[in-house]
Amino acid sequence: MDPVRQANLTAYVACTPKTGGGAGFTALYEKKQLIEARRKRSTMNFMERMEVDAEHKQAYAQVTLMRQNEDHRKALDRLVEKMRPAPLARGPKIVKHNGKALHEGHDRQLNWAPLECY
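Read left to right, the sequence shown gives residues 1359 to 1476 (this note's numbering).
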């Protein structure tokens, strides 16, 4: 697994709120991916593990630095959520469109930078 992807998954799982029951833990798929990466790590020899650990440590430091900014954290969380498999369809999907929107995302709230930045 890519070191940045694994570091992002690790940070996402660490930041995900955990409830008392096991059913409330929303990052179950991500946790399974991390367990699979740990299992693959156990098949490596010593030098390969050391190299992977060093790369993961650097990537984790970069990801935690990026997650301090709220916009970057939201973008990283969206990347993790896009990795999840699509839920199984239970029946017909009813879609509701906004008649005033010109394109997808037109009615979404935008976060503009302060005027000093332009």
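Glycine included, C-beta positions come from ideal geometry on N, C-alpha and C.
All of these numbers come straight from a predicted model, not from anything done at the bench.
Proximity of the stretch 1388-1401 to the stretch 1444-1459 falls short of the contact definition, fewer than three beta-carbon pairs being nearer than 8 Å.
In the three-state reduction of the DSSP assignment, R1442 falls in the coil class, being assigned neither a helical nor a strand state. Taking C-beta atoms as the reference points, E1388 and V1371 count as a pair closer than 7 Å.
Minimum Cα-Cα distance from L1386 among the listed residues Y1418, L1468, R1442 and N1469 corresponds to R1442. H1414 is not a Cβ neighbour of P1450, given a cutoff of 7 Å. For Q1391, the enclosing alpha helix (DSSP H) has its first and last residue at L1386 to S1400.
For the set R1436, T1368, V1421 and R1466, the Cα lying nearest the Cα of K1390 is the one of T1368. Shown here for Y1418: same chain residues with a beta carbon closer than 6 Å to its own, the five before and five after excluded, namely A1365 in chain order. Counted as a single uninterrupted DSSP element, the stretch harbouring H1455 is not any alpha helix (DSSP H), since DSSP gives it neither H nor E. For a cut-off of 8 Å, the C-beta gap from V1421 to L1434 is around 7 Å, short enough to register as a contact.
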